[in-house]
Amino acid sequence: MRHADSQSIKTVKKTADTGLPLHDEVPALDVIDSGFRKFCVQEYIRGAKSALFFVSVTCIHCVDLLPYLSEIEEQRQFRILLFSAGEREDHEAMVDFFGWTFPVVSMNSSEMKALFQVEYLPFAIVANEQGIVSSKGVLYNANDFGLLVRHSRE
Numbered sequence: 000m001r002h003a004d005s006q007s008i009k010t011v012k013k014t015a016d017t018g019l020p021l022h023d024e025v026p027a028l029d030v031i032d033s034g035f036r037k038f039c040v041q042e043y044i045r046g047a048k049s050a051l052f053f054v055s056v057t058c059i060h061c062v063d064l065l066p067y068l069s070e071i072e073e074q075r076q077f078r079i080l081l082f083s084a085g086e087r088e089d090h091e092a093m094v095d096f097f098g099w100t101f102p103v104v105s106m107n108s109s110e111m112k113a114l115f116q117v118e119y120l121p122f123a124i125v126a127n128e129q130g131i132v133s134s135k136g137v138l139y140n141a142n143d144f145g146l147l148v149r150h151s152r153e
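Heads up: the sequence shown begins at 0 in numbering that gives the first Met the number 0, then just goes up one per residue.
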């Protein structure tokens, strides 16, 4: 029992170290979404509480998270941006299936790590209205997102 507890703590420390550092600004990165619209990530999220989600279409936990994104956007009034490792056709199908209006950006796991320091999926970075990271972490559903928001640091 003691061994399992130390393993859990070790995992928590590792996942807490991933993602952009708290109080850092979200990068001014130009991207193209699945609808072929080009925009700057920093400009897109400024002026609203925002959540950047990182998933892969081959990750079962990531796929399980997808239905919650609309709920998070609507009920919690967050501006959503989804970065997903997968083919553009898969992303277009997800947008159509879920009826999402937020951007979905194709980004492989190497780019997620290099640009956002994200090493575990599914992952979220919560930013305040100024585009500053206030919380981050691995999540699996809307309740986990609620915990991230409650632990936000302005």
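Even glycine gets a Cβ: it sits at the ideal position worked out from N, Cα and C.
Element boundaries [alpha helix (DSSP H), containing residue i]
i: Ile71; result: 67-74
i: Ala123; result: Not the alpha helix (DSSP H): Ala123 falls in the beta strand (DSSP E), residues 122-126.
i: Phe77; result: It is not in any alpha helix (DSSP H) - Phe77 carries neither H nor E in the DSSP assignment.
Where residue i sits in the DSSP three-state scheme
i: Arg40; result: Position check: residue 40 holds Val in this sequence, whereas Arg was assumed. The answer is helix: DSSP assigns Val40 an H, G or I state.
i: Ser133; result: strand
i: Ser83; result: strand
i: Ser172; result: Residue 172 lies beyond the range of the chain shown here (0 to 153); nothing can be said about it.
i: Gln6; result: No answer about Gln6 holds up, because its pLDDT of 44 lies below 50 and its placement is not dependable.
i: Glu24; result: strand
i: Val148; result: helix
i: Val30; result: strand
i: Gln96; result: It is worth fixing the name first, because residue 96 is Phe in this sequence and not Gln. In this structure, Phe96 counts as helix in the three-state DSSP scheme.
i: Asp63; result: helix
i: Glu110; result: helix
i: Asp16; result: coil
i: Met0; result: Any answer about Met0 is weak, because its pLDDT of 42 lies below 50 and its placement is not dependable; what the coordinates show is given next. Three-state DSSP puts Met0 in coil, outside helix and strand.
i: Glu88; result: helix
i: Asn140; result: coil
Whole-number beta carbon distance between residue j and residue i, since they are thought to touch under 8 Å
i: Val137; j: Ile124; result: 11 Å between Cβ atoms; not a contact.
i: Ser33; j: Arg87; result: 6 Å
i: Cys39; j: Leu120; result: In fact, because the Cβ distance is near 24 Å, the residues do not count as touching under 8 Å.
i: Val104; j: Met93; result: The pair is not a contact, with the Cβ atoms about 12 Å apart (cut-off 8 Å).
First through last residue of the beta strand (DSSP E) which encompasses residue i
i: Phe52; result: 49-55
For the segment 62-69 against the segment 125-134, do three or more pairs of beta-carbon atoms, one drawn from each stretch, fall closer than 8 Å, so that the two count as touching?
no
Would you check if the segment 82-94 and the segment 46-62 touch, i.e. whether three or more CB-CB distances between them fall below 8 Å?
yes
Just checking, does the segment 88-101 make contact with the segment 68-78 on the three C-beta pairs under 8 Å criterion?
yes
Validate contact between the segment 31-45 and the segment 141-150 using beta carbons, cut 8 Å, 3 pairs
no
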